[in-house]
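J.: Chains as they are written, first to last, in my numbering: chain A, 1 to 394; chain B, 1001 to 1291. The beta carbon of each residue, even a glycine, is placed where N, CA and C say it ideally should be.
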Amino acid sequence: MRHPTKTCLAAAIAAASFGLSQAHADEIVIGASLPLSGPLAGFGSFQQWGYKRAVDEVNKAGGISVGGKKEMVKLIIRDDKTDPNATAANTETLISRDHVVAMLGSCTPALVNAGALVAERAKKPLVTGCDPLEAFKSVRKWKWVWDIFFDEPDLASVELKAVADLGAKTNMKIALWHDNGPDGQVVGGQIWPNVAKQFGYEVVQNAEFPVDNTQFTSIIGEAKSKEAEVVLVDAITPQAVAIRKQMAASGYTPKVLNIEKGAEPVQFAEALGKLADGVLVGGYWDPSFPYPGAADLAKAFESETKLSSSQHIADSYAAAQVLLDGIAAAGSTDPEKINAALAKTDKTYVVGPVKFDENHTAKLPVVSLQWQGGKTVVVWPKSAKTGDLLFPVP
Amino acid sequence: MPDIGVALSTIASGVLLGGILALTALGLSIVLGVMRLVNLAHGEFLVLGAYAGLFFLQFTGVDPLLGLPVIALLLAAFAIPLYRWLLQPLADRGPEAQMMTMFAVSIILQNLFVLAFSADTRSIARDYAALPLTLGPITVPLIYLIGFAISVIAILIVNWVVSSTAFGRDLRASAADAEAAATMGVDVKSVRMLTFALGVACAGMGGALIGAAFQFGPSSGGAYLLNSLAVVVLGGLGNVLGTLAGGLVLGALQSLGGLTLGDGYRDLVGMALFLAVLAFRPDGFLARGRP
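Quick look at the structure:
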């Protein structure tokens, strides 16, 4: 006969497991897999804040009306450790164990697309930011996944447009360095060479490196010897920090230095101190933007966390609001109805107007940001600028 | 064909960087040579040293490179209870038990780093870490030269301890034949504990150097563990001066790989060399015997 204590224990564990895996009948469960650790954790922490804030606001307002009854929203976040395999596994878990009705995306094409493909297969709506649109569209024709972010050609040309428009003079020799990730190959391998030629630059170097590379001395040495005065880099934050440090230690300071992706989070400037000054990065959001709640969002983040805000709080907050509005408009937790409601999104959010096109994408306008004294300022376009261009790089 | 100045600068940087790699690998080599333990948490001890350097600077205002002895002592103090409570009880259970324990420690440390320090990329920001040193056509990062000098001094001190002190004699005896050493009155348990502490202390110093020269985060340890393994295999297990030579060779060859194939192929060159040495000279290209 089975020992009664063991039986009770087994029953308790079973009950606890059941409780963990079952949503309450009176709550709407949504979920997200985010890079809360690993190289992209700098993005994940901001996204987590944005997602949670949107959900908290809805819950404070009484929840969402489903079938005529107000229900609270429960957000489940799982850490994907910056590993696309973990993103896919987390998304499976969110669907099969957590019984989410819809999901929010991770960050960067490698992670977002890995989870999005699972959502697509399971026919669960997923709204994401942090996935450049060309990389998103290149995967497949999406039916269940929606992306609110910038378009790579816009981002790839913004800094050269800014430099030309602001009259910053260089010798027109440009070096392009990019990682071999999906967006690195699109931006650095395909778009930048064409854009550079359009603006009259001579491309003296186009170097590709693995996403986890740590040594850049040869690449830097070559650009220095070829006298490139403009350098465009596409790399994640650890590599961006390494590159900037190694450039300085090699005695190479181009007049214009643009680092996409990696120079976005504030940890870039924190790790580099004064070396971050003058680095340009394409941006899709700033608290100064004339959209409802933009300034308040940054203030709320900074007062809650005592950290400097990042544009990633805005696209994540907006993506969550779009999803929650979609559920509210559907008035149902039925995935098909939510998806149909998402398709009709047409509203101005904290990132600007959001209306999805036939590719399930909503494009955000891009500005040129520059790190100055540990903070980013908008230096272009002139209509949106909050500071003057620091030129050349100090 | 790369510019001659670029080529010379890259190779010189590689050799200097190799010196730093040697210090990062020294702890792994000593522990492997004496305890036959592949310390899979070695990379996390490096990262711990980098965090120790960062916070040492923040709290004391003293340059972490000046504080290296303090960082080494802190890491050694951290290592002793770890050995006493986790590794010593497993000493008679074969090498796998201790190795898997250290694998678990590496995962736990990574997660503790995230919890305690966040997953942010960090760097020890010092002005000298961003200064170039130019000699004719050759330009190298000043921090590489400083790191190289510190590494060589630290390695020579450790070599002196291993080859010329009573502890070193016990260490070498325990490495050669632990049973015979115990029969001759050597306290093998204590020797192993102190060896582990010495290994972790060396990792801590290497980590602080890495933190000043490069960037680091909670999950940076894995890449440094791989490089350290290559250096150890090149130099020979437990061979202190061999580790320095292994680091220099790895640094030089990685830089040649970067120069000819591109910076993305540095690790490929290093790992190919690692496999070649394992296949043809498994005791290392310098090793004639263990300490």
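Do three or more CB pairs link the region 84-101 of chain A to the region 46-62 of chain A at distances below 8 Å?
T.: Result no; under three Cβ-Cβ pairs closer than 8 Å.
J.: Pull up the CB-CB distance for F150/A and Y349/A, whole angstroms please, since I reckon it's below 8 Å.
T.: Mapped onto the first sequence, residue 150/A falls at position 150. Mapped onto the first sequence, residue 349/A falls at position 349. About 15 Å; that fails the 8 Å criterion.
J.: Taking the beta strand (DSSP E) that G293/A belongs to, which residues open and close that run?
T.: Within the first sequence, the letter at position 293 stands for residue 293/A. From DSSP, G293/A is part of no beta strand (DSSP E); its letter is neither H nor E.
J.: Would you check if the distance between the CB atom of D79/A and the CB atom of L111/A is smaller than 8 Å?
T.: Counting from one through the first sequence, the residue named residue 79/A turns up at place 79. Counting from one through the first sequence, the residue named residue 111/A turns up at place 111. No, the Cβ-Cβ distance between D79/A and L111/A is not below 8 Å.
J.: Can you pull out the residues from the region 200-213 of chain A whose beta carbon lies closer than 8 Å to at least one beta carbon of chain B?
T.: Listed by position, the residues of the region 200-213 of chain A near chain B (Cβ gap below 8 Å) are A207, E208, F209, P210, D212, N213.
J.: Roughly how many angstroms lie between the CA atoms of S309/A and I30/A, to the nearest whole one?
T.: Looking up residue 309/A in the first sequence gives position 309. Looking up residue 30/A in the first sequence gives position 30. Going from the Cα of S309/A to the Cα of I30/A covers about 25 Å.
J.: Please tell me whether I1145/B and L1133/B are closer than 8 Å, where the distance is taken between their beta carbons.
T.: Counted from its first residue, the second sequence places residue 1145/B at position 145. Counted from its first residue, the second sequence places residue 1133/B at position 133. According to the sequence as given, residue 1145/B is Leu; it is not Ile. Against a cut-off of 8 Å, the Cβ pair of L1133/B and L1145/B comes out as a contact.
J.: For W1160/B, count neighbouring Cβ atoms within 10 angstroms of its own Cβ and tell me buried if that reaches 16, exposed if not.
T.: Stepping through the second sequence from its first residue, residue 1160/B is reached at position 160. So W1160/B ends up on the exposed side.
J.: Taking the beta carbon of G67/A as the centre, do at least 16 other beta carbons fall within 10 Å, making it buried, or is it exposed?
T.: Here residue 67/A refers to the residue found at position 67 of the first sequence. By the neighbour-count rule (16 or more Cβ atoms within 10 Å), G67/A is not buried but exposed.
J.: Give the secondary structure of E208/A by DSSP, where H, G and I count as helix, E and B as strand, and everything else as coil.
T.: For this step, residue 208/A is matched to residue 208 along the first sequence. Strand at E208/A.
J.: Does Q215/A get closer than 8 Å to chain B when you measure Cβ to Cβ?
T.: Here residue 215/A corresponds to residue number 215 of the first sequence, with the count starting at 1. Chain B contact via Cβ: present.
J.: Answer with buried or exposed for K70/A, where buried requires no fewer than 16 other C-beta atoms within 10 angstroms of its C-beta.
T.: By 1-based counting over the first sequence, the position of residue 70/A is 70. Classification of K70/A: exposed, given that the 10 Å Cβ count is below 16.
J.: Please work out which residues of its chain come closer than 6 Å, Cβ to Cβ, to V139/A, disregarding the five sequence neighbours upstream and downstream, and give them in chain order.
T.: Translated into positions along the first sequence, residue 139/A becomes position 139. Result list for V139/A: N113, in chain order.
J.: Does the separation of the CB atoms of V322/A and V127/A fall below 8 Å?
T.: The sequence position of residue 322/A within the first sequence is 322, counting from 1. The sequence position of residue 127/A within the first sequence is 127, counting from 1. Yes.
J.: Can you grab the Cα-Cα spacing for the pair L1068/B / A1149/B, in whole Å?
T.: Against the second sequence, residue 1068/B aligns to sequence position 68. Against the second sequence, residue 1149/B aligns to sequence position 149. Cα to Cα, the separation comes out at about 13 Å.
J.: Between L369/A and V379/A, what straight-line distance do the alpha-carbon atoms span, to the nearest angstrom?
T.: The residue given as residue 369/A occupies position 369 in the first sequence. The residue given as residue 379/A occupies position 379 in the first sequence. Distance between the alpha carbons of L369/A and V379/A is about 6 Å.
J.: Tell me, please, whether the region 1211-1231 of chain B touches the region 1172-1192 of chain B by the rule of three or more beta-carbon pairs shorter than 8 Å.
T.: Result no; under three Cβ-Cβ pairs closer than 8 Å.
J.: Taking the alpha carbon of L1054/B as the reference point, which residue from A1178/B, M1205/B, R1084/B has its own alpha carbon closest?
T.: Residue 1054/B sits at position 54 when you count from the first residue of the second sequence. Measuring from the Cα of L1054/B, the nearest candidate turns out to be M1205/B.
J.: Does the separation of the CB atoms of W371/A and A240/A fall below 8 Å?
T.: Taking the first residue of the first sequence as position 1, residue 371/A is located at position 371. Taking the first residue of the first sequence as position 1, residue 240/A is located at position 240. In this structure, A240/A does not lie closer than 8 Å to W371/A by Cβ.
J.: In angstroms with no decimal places, state the Cα-to-Cα distance between G1289/B and D1283/B.
T.: On the second sequence, residue 1289/B is found 289 positions in, with the first residue counted as 1. On the second sequence, residue 1283/B is found 283 positions in, with the first residue counted as 1. Since pLDDT at G1289/B reaches only 47, below the 50 mark, its modelled position is unreliable, and no value is offered.
J.: Starting from the Cα of P153/A, find the closest Cα among D212/A, I191/A, K224/A, G278/A and give me that residue.
T.: Here residue 153/A refers to the residue found at position 153 when the first sequence is read from its first residue. Residue I191/A is the option with its Cα nearest to P153/A.
J.: Using a beta-carbon distance cut-off of less than 8 Å, what residues from the region 1252-1264 of chain B approach chain A?
T.: Listed by position, the residues of the region 1252-1264 of chain B near chain A (Cβ gap below 8 Å) are Q1254, S1255, G1258, L1259, G1262, D1263, G1264.
J.: Would DSSP call H99/A helix, strand or coil?
T.: Position 99 of the first sequence, counted from the start, is the residue given in the question as residue 99/A. Coil at H99/A, not helix or strand.
J.: Below 8 Å CB to CB, which residues in the same chain sit around G1238/B once its five sequence neighbours on both sides are set aside?
T.: Along the second sequence, read from residue 1 onward, the residue named residue 1238/B stands at position 238. Once the five neighbours on either side are set aside, the close Cβ partners of G1238/B are S1029, I1030, L1032, G1033, V1034, A1175, R1290, P1291.
J.: Going by CA-CA distance only, name the one from S157/A, D234/A, L117/A that's closest to T87/A.
T.: Stepping through the first sequence from its first residue, residue 87/A is reached at position 87. Looking at the Cα atoms, L117/A is the closest of the given residues.
J.: Taking Cβ positions only, does Q47/A come closer than 8 Å to chain B?
T.: Indexing the first sequence from 1 puts residue 47/A at position 47. It does not: the Cβ of Q47/A has no partner Cβ on chain B nearer than 8 Å.
J.: So is K261/A buried or exposed if we call it buried at 16+ other beta carbons inside 10 Å?
T.: Counting from one through the first sequence, the residue named residue 261/A turns up at place 261. Looking at its Cβ environment, which holds 16 or more other Cβ atoms inside 10 Å, K261/A is buried.
J.: Give me the Cα-Cα distance between T361/A and P109/A, rounded to the nearest whole angstrom.
T.: By 1-based counting over the first sequence, the position of residue 361/A is 361. By 1-based counting over the first sequence, the position of residue 109/A is 109. The alpha-carbon atoms of T361/A and P109/A are separated by roughly 14 Å.
J.: Can you tell me which of the three DSSP states F149/A falls into?
T.: Translated into positions along the first sequence, residue 149/A becomes position 149. The answer is strand: DSSP assigns F149/A an E or B state.
J.: At a CB distance below 7 Å, what residues from the region 1081-1112 of chain B approach chain A? Give them in sequence order.
T.: Those residues of the region 1081-1112 of chain B that come within reach of chain A (Cβ to Cβ, closer than 7 Å) do not exist; the list is empty.
J.: When Cβ atoms are compared, which residues of the region 248-259 of chain A fall closer than 9 Å to chain B?
T.: Taking 9 Å as the Cβ-Cβ cut-off against chain B, the residues of the region 248-259 of chain A that qualify are A248, A249, S250, G251, Y252.
J.: DSSP beta-bridge partners for L1135/B?
T.: Against the second sequence, residue 1135/B aligns to sequence position 135. L1135/B is bridged to I1138/B.
J.: In or out: T91/A buried (at least 16 other Cβ within 10 Å) or exposed?
T.: Residue mapping note: residue 91/A aligns to position 91 of the first sequence, counting from 1. Flag for T91/A reads buried.
J.: Starting from Y349/A, trace the beta strand (DSSP E) both ways and give me its first and last residue.
T.: Mapped onto the first sequence, residue 349/A falls at position 349. Counting along the chain, the beta strand (DSSP E) containing Y349/A begins and ends at 346-349.
J.: Does G1217/B get closer than 8 Å to chain A when you measure Cβ to Cβ?
T.: On the second sequence, position 217 is the one that residue 1217/B refers to. Taking Cβ atoms only, chain A reaches closer than 8 Å to G1217/B, which makes this a yes.
J.: Would the region 194-213 of chain A and the region 322-331 of chain A be scored as touching if the rule is three or more Cβ pairs under 8 Å?
T.: Touching, no.
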